[in-house]
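Visitor: Numbering (the numbering used here), first residue to last: 111 to 483.
Think of the CB as a built atom: it goes at the ideal place given N, C-alpha and C, for glycine as much as any other residue.
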Ligand code: GLY
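1. Terminal residues of the continuous beta strand (DSSP E) containing residue 323?
2. Quick one: is the Cβ of residue 184 within less than 7 Å of any heavy atom of the ligand GLY?
3. Use the C-beta contact count for residue 453: other C-beta atoms within 10 angstroms, 16 or more gives buried, fewer gives exposed.
4. From residue 442 to residue 112, what distance separates their C-alpha atoms?
5. Compare the beta carbon distance of residue 156 and residue 193 with 8 Å and say whether it is the shorter of the two.
6. By DSSP's criteria, residue 301 is part of a beta bridge. Which residues make up the other side?
7. Span of the beta strand (DSSP E) holding residue 407?
8. Please state if the CB of residue 261 and the CB of residue 233 are separated by a distance shorter than 8 Å.
9. Report the rounded CA-to-CA distance for residue 474 versus residue 327, giving the unit in angstroms.
10. For the ligand GLY, any of its heavy atoms closer than 7 Å to the Cβ of residue 265?
11. Identify the continuous beta strand (DSSP E) that holds residue 262 and give its terminal residues.
12. Helix, strand or coil, according to DSSP, for residue 443 in the structure here?
13. Confirm, please, whether the CB-CB distance from residue 368 to residue 305 is below 8 Å.
14. If contacts are defined as beta-carbon pairs under 8 Å, then residue 65 and residue 360 qualify, I think. What distance do you get, rounded to the angstrom?
15. Is the closest heavy atom of the ligand GLY to the C-beta of residue 396 under 7 Å?
16. Let me make sure I understand the geometry here. Which of 171, 170, 164 has the alpha-carbon closest to that of residue 186?
17. Looking at the strands, I want to know which residues DSSP matches up with residue 223.
18. Just to confirm before moving on: does the CB-CB distance between residue 340 and residue 249 stay below 8 Å?
19. Is it buried or exposed for residue 130, if we count other Cβ within 10 angstroms and need 16 for buried?
20. Helix, strand or coil for residue 160, going by three-state DSSP, please let me know.
21. As an exercise, report each continuous alpha helix (DSSP H) stretch of at least 4 residues that is fully enclosed by the segment 236 to 285, in chain order.
22. Could you check which residue in 383, 363, 398 has the C-alpha nearest to that of residue 411?
23. For my contact list, residue 270 and residue 287 are in at a C-beta cut-off of 8 Å; report their separation, rounded to the angstrom.
24. Going by DSSP, which residues form a beta bridge with residue 335?
25. Evaluate contact between the segment 249 to 259 and the segment 213 to 221, counting only Cβ atoms and requiring at least three cross-stretch pairs below 8 Å.
26. Beta-carbon within less than 6 Å of residue 225's beta-carbon, same chain only, minus the 5 sequence neighbours each way: which residues are those?
27. For the structure I just gave you, are there three or more beta carbon pairs, one from the segment 403 to 421 and one from the segment 374 to 393, closer than 8 Å?
28. State the Cα-Cα distance for the pair residue 435 and residue 302, rounded to the nearest angstrom.
29. Pop quiz: residue 309 and residue 263 are said to be a contact at Cβ under 8 Å. What is the actual Cβ separation, rounded to whole angstroms?
30. Span of the alpha helix (DSSP H) holding residue 468?
31. May I have the straight-line CA-CA distance separating residue 460 from residue 142, to the nearest angstrom?
32. Terminal residues of the continuous alpha helix (DSSP H) containing residue 433?
33. Beta carbon of residue 337: closer than 7 Å to some heavy atom of the ligand GLY?
34. DSSP state of residue 357, grouped into three classes?
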């Protein structure tokens, strides 16, 4: 098969569908769909961690088409998030997901200084979550009792690019040092020898000592939550891209090898690689995120290593396109069978970041990507 022609075809389908969906979703920041229509996190929770992905997707569409509709909606989303910038309890390790894909994307696309300012505010806050004795970025907030002050999570790896961006923007090496010290801590305490990654690690917030790990959104302690594997795979690749430190690329490759070795025959990704054999729950977001990371690894490795990573990415993307994509406009989402967490009540729904990473992966293949990380 001509993979470029295939990707061009998928790209056209994304463009056709998102144009119609964007028109009818103007006033929303979507997370999932209810009866086929996007919900609205702007009203429900302006601080929700996924509130940047719809804008990020629209920036990708704007970059590929020049259609001002996408830019206008993305910029509206960005200004709505200013409310979040003033809510301390609503800011956390996910600042990167929210402001890289909105404000920093706007700054990259248009040079807007107001957007650059938002990005720097978000980066400064993220840097302020650094625990210097444990050398990690604190994850979630808690009720103020400090119960989660020592928690770090694998998702944070995808937010480090906000710090790398701030370092590149300001020439202030504090951002670089915080990002790389955190990445080194994750390498030491989250990555297992087999290439799998833990979701949550708790350190003693006062001394920095390792305490324990948790299964988090996966099955249990010791399991391998697939979206966490994907965050680690792509996240370490991004740390390599920004720092050129080879150890991060080696980490990303090791995680990729674990991911590819555990892929089911179908190419469809379970919620956890270690979920019970009789559980068939899938998470299409993990597939789309991993595909993005694999394609980037393929660009970084020497000639004789290429192929493995791109082939695996294509396998994931073909499986999604053939079996898990909705191209009709009866529903607003594209990807189906996305799962937020193994122990949630609901599984296999639509999740906006699945659509974002699917688009990014296809754009990587067609050369239309606006690099946002
Ligand atoms: N950042 C949370 C998640 O991946 O579900």
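Guide: Quick look at the numbers:
1. 320 to 324
2. no
3. exposed
4. 29 Å
5. yes
6. 307
7. No beta strand (DSSP E) holds residue 407; the alpha helix (DSSP H) holding it covers 394 to 410.
8. no
9. 28 Å
10. yes
11. 261 to 263
12. coil
13. yes
14. This structure does not reach residue 65, given that the chain is present from 111 up to 483, and the question cannot be answered.
15. no
16. 164
17. Looking at the DSSP assignment, residue 223 forms no beta bridge with any residue, so it has no partner.
18. no
19. exposed
20. coil
21. 270 to 280
22. 363
23. So it is not a contact: roughly 12 Å between Cβ atoms.
24. 382
25. no
26. 213, 216, 217
27. no
28. 33 Å
29. 6 Å
30. 462 to 476
31. 5 Å
32. 418 to 433
33. yes
34. helix
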